[in-house]
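Note that the working numbering has the sequence shown beginning at 50, numbered continuously upward. Only one structure is covered here, and it is reproduced in the block below.
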Amino acid sequence: MAQFDETFDWVVVGSGAGSMASALLMRQAGKSVLILEKADVVGGTTCKSGGVMWIPNNRFIAEDGESDSVEAAVTYLDALQNLDGNPAPGSTPEKRRAYATQASKMIDFLIDNGIELQRGHHYWPDYYDEMPGGFKTTRTVVAKPFNLKELGPWRKKLRKGFVEVNATLSEGMQLGHMRTNPNAKKTLAKIALRTIGDKLRGRQYTTAGACLQGRLLKAALEAGVDIRTEAPVREIILDDAGKAVGVVAEPGGKAIRVGANLGILVNAGGFAHNQAMRDKYIPGSQSKWSQTPKEDTGDMHIELERLGGVLAQMDQMVGFQMTEAPGWEKEYVMPGMQSVTAKPHAILVDQTGERYMNEGGSYELFCENMLKRDREVGAIPSWAIMDQQYAEKYQVAGKWIDKKIPKAWEGTGYLHKADTLEELAQSIGVPADKLKATVERWNTFARAGKDEDFHRGEREYDKCGYVGDPFSEAKSIGTIEKAPFYSVSCVPGDVSTYGGVVTDEHSRVLRADGSVIEGLYATGVTTASPMGNVYPGAGASVGPSMTFGWLAAKHAAGLDNQIA
């Protein structure tokens with residue numbers, strides 16, 4: 050038997066939301082828990098995300114008088130498996146049903162343990178809402194804004210969020226439509242008054258992913274979870290029978306051996322900042338375009354494969370189309386493009402001047418389409434094409450461009466502006482005749498209100514506030530005909546990679562022959578997504594990470610039949 054410096058019942062690698070959910074269940078069961086985090090702060094990629102969870106049949110849907118069911122969710126997830134056409138070993142019927150059944154129970158467990166959650170914005174549909182079982186309002190759940198002061202000294206150990214104010218994501222969405230939403234200024238005033246009040250009361254609020262992680266961290270600390278930062282795990286220890294029994298970690302650069310009586314959960318993120326792995330599995334993508342923390346280097350992917358785990362769906366990433374606006378490298382959150390190219394009076398073209406996809410819809414599919422197109426014709430970067438109608442209503446990279454070029458952009462060549470489409474084409478280096486024909490075809494569709502090529506605007510999601518403009522009559526489709534014309538580049542960024550080790554419905558790591566590596570569990574983007582090769586809706590990373598982390602703890606503690 051291996052000799053250990055310390056022993057806990059449950060050892061968790063990584064401190065994302067799935068780790069916290071598992072830890073809370075283990076502590077409720079009276080088990081000791083150690084979370085080992087590689088970075089100097091807690092929270093992983095979840096903190097930098099929207100913190101949204103895709104949770105079918107959750108309690109908030111019923112509270113709002115709407116109807117959902119496990120069967121509808123299973124039908125939807127099953128239908129999505131036929132869209133991609135490629136095998137997805139990480140998604141099995143058993144895992145999809147486990148998720149549809151257990152995700153809402155995981156949410157109930159968190160609420161019962163004091164985690165304040167609420168329904169996501171009501172107009173946040175599934176990304177393929179037209180498919181059987183698809184939902185046209187929202188299945189999303191988010192945390193309520195959180196006062197960081199409640200963490201005491203630990204607030205400095207929580208990774209910074211991208212929205213450090215007392216506001217919800219739905220309020221933020223409304224502010225993005227300042228010139229078309231008549232209530233946006235009222236919303237801004239409410240947030241401003243709230244902020245002043247919080248400052249006077251000594252409160253420090255955060256929202257989105259950081260507020261979810263903040264609430265989970267507070268609950269974990271109060272439950273007695275041992276959390277250690279700057280403690281990378283270098284090795285998972287197997288005994289002579291092939292069972293995972295401990296880890297080798299290096300807190301402060303000193304190696305220690307930690308035993309795990311019940312098991313080890315690996316929730317260590319993806320490989321977004323390992324360019325060699327990206328080149329191997331997702332050629333054409335770049336680490337510099339990733340929103341993930343710099344520690345996201347795939348260490349545990351490599352370790353789990355060494356132990357006999359099978360990596361799958363490694364060509365997948367959770368896309369985040371972005372634009373390299375001047376100074377973007379210094380931004381905590383890179384300027385996105387989903388809310389640009391899907392708006393009325395805007396389209397996306399490749400380097401030949403042609404449209405090649407629905408600019409609305411799933412960001413995962415958007416970036417996947419861009420990478421595929423680039424292998425046929427140049428499409429990285431692609432070009433957003435807009436006109437003055439767009440500029441008068443919406444921003445580009447967080448800036449208004451209708452009156453003048455933002456000072457930081459002057460002389461950089463980033464924003465292309467021209468009086469004619471021909472001149473714009475010359476400026477961005479695409480064939481003028483092709484670009485003009487593409488825009489003319491789009492205008493024909495816009496006037497008819499139907500995109501005959503890619504069906505943009507037919508899904509509810511295409512028209513929602515995070516993509517199109519529900520406050521505009523056009524919503525998703527509008528002509529591009531009023532000079533001057535504008536263009537900026539668009540590249541396939543990401544908020545995470547989406548492939549990893551294959552697990553079963555209990556989150557146990559599987560070998561190539563389908564056998565289980567006893568004592569070894571994994572969740573989150575360390576695993577091949579249980580959603581398959583398609584992203585079903587907002588929160589399809591965080592929701593599964595938390596649910597399967599929770600299910601791993603249930604199984605390891607022998608609570609499968611004791612906790613509903």
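We treat Cβ as the ideally placed atom computed from N, Cα and C, and that holds for glycine. All figures in this text were calculated on a predicted structure; none of them were measured in a lab.
Membership of asparagine 131 in the alpha helix (DSSP H) is indicated by the continuous run 119-133. The three-state reading of DSSP puts valine 389 in helix, counting H, G and I together. The Cβ atoms of serine 339 and glutamine 324 lie no closer than 8 Å to each other.
For alanine 571 against serine 556, the beta-carbon gap comes to about 6 Å, under 8 Å, which counts as contact.
Within its own chain, the residues whose Cβ lies closer than 8 Å to the Cβ of phenylalanine 520, once the five positions on either side in sequence are excluded, are His226, Thr229, Asn230, Pro231 and Gly514, listed in chain order. Nearest to glycine 410 by alpha-carbon distance, out of Glu271, Gln370 and Ser594, is Gln370. Contact annotation: valine 550 and leucine 287 have beta-carbon atoms that are not nearer than 8 Å.
Judged by DSSP secondary structure, valine 591 falls within the alpha helix (DSSP H) whose first and last residues are 591-605.
Our two residues, glutamate 554 and lysine 144, have alpha carbons roughly 5 Å apart in a direct line. Residue Leu200 holds the alpha-carbon nearest to the alpha-carbon of glutamate 271 among Val296, Leu200, Lys234 and Glu213. Contact check for tyrosine 439 against lysine 392 passes: the beta carbons are separated by less than 8 Å. The shortest CA-to-CA distance from phenylalanine 158 to any of Ala111, Gln77 and Val294 is the one to Gln77. For the pair of segments examined, the stretch 175-189 was found to touch the stretch 115-133: the number of CB pairs separated by less than 8 Å reaches three. The C-alpha of alanine 147 is placed about 48 Å away from the C-alpha of tyrosine 535. Note that the stretch 402-421 touches the stretch 360-374; at least 3 beta-carbon pairs, one per stretch, sit closer than 8 Å. When Ala192, Phe184 and Ala137 are compared, the shortest CA-CA separation from isoleucine 164 is found for Ala192. CA-CA distance, alanine 374 to alanine 457, rounds to 9 Å. A straight-line Cα-Cα distance of about 6 Å links glutamate 530 and aspartate 436. Here cysteine 260 has Ala192, Pro194 and Phe195 as same chain residues with Cβ atoms under 6 Å from its own Cβ, once five neighbours each way along the sequence are excluded. By the CB criterion at 8 Å, threonine 576 and threonine 341 fall outside the cutoff. Glutamine 262 and alanine 474 have their alpha carbons spaced roughly 45 Å apart. DSSP places threonine 94 outside any beta strand (DSSP E); the residue lies instead in the alpha helix (DSSP H), whose first and last residues are 93-97.
Secondary structure note for arginine 76: its alpha helix (DSSP H) is the uninterrupted segment 66-77. With a minimum length of 4 residues, the unbroken runs of alpha helix (DSSP H) contained wholly in the stretch 432-500 fall at 437-442, 470-477 and 481-497. Between cysteine 96 and arginine 243, the CB-CB gap reaches or exceeds 8 Å.
Per DSSP, methionine 180 is not a residue of any alpha helix (DSSP H), being assigned neither H nor E. In the DSSP assignment, alanine 269 falls within the alpha helix (DSSP H) that extends over 257-272.
When secondary structure is reduced to three states using DSSP, cysteine 416 falls in the helix class.
Annotation for glutamine 340: no beta strand (DSSP E) segment contains it, and DSSP assigns it neither H nor E.
Note: tyrosine 535 is bridge-paired with Met435 and Lys466 in the DSSP secondary-structure output. Inter-segment contact for the stretch 273-280 and the stretch 297-313 is present: three or more beta-carbon pairs are separated by less than 8 Å. For tryptophan 491 and alanine 481, the gap between their C-alpha atoms comes out near 15 Å. A Cβ-Cβ separation of about 6 Å places alanine 606 in contact with methionine 75 under the 8 Å criterion. By the neighbour-count criterion, in which a residue is buried when 16 or more other Cβ atoms sit within 10 angstroms of its Cβ, tyrosine 254 is buried. Distance from the CA atom of alanine 361 to the CA atom of arginine 560, rounded to whole angstroms, is 12 Å. Counting only the Cα atoms, isoleucine 566 lies some 7 Å from glycine 291.
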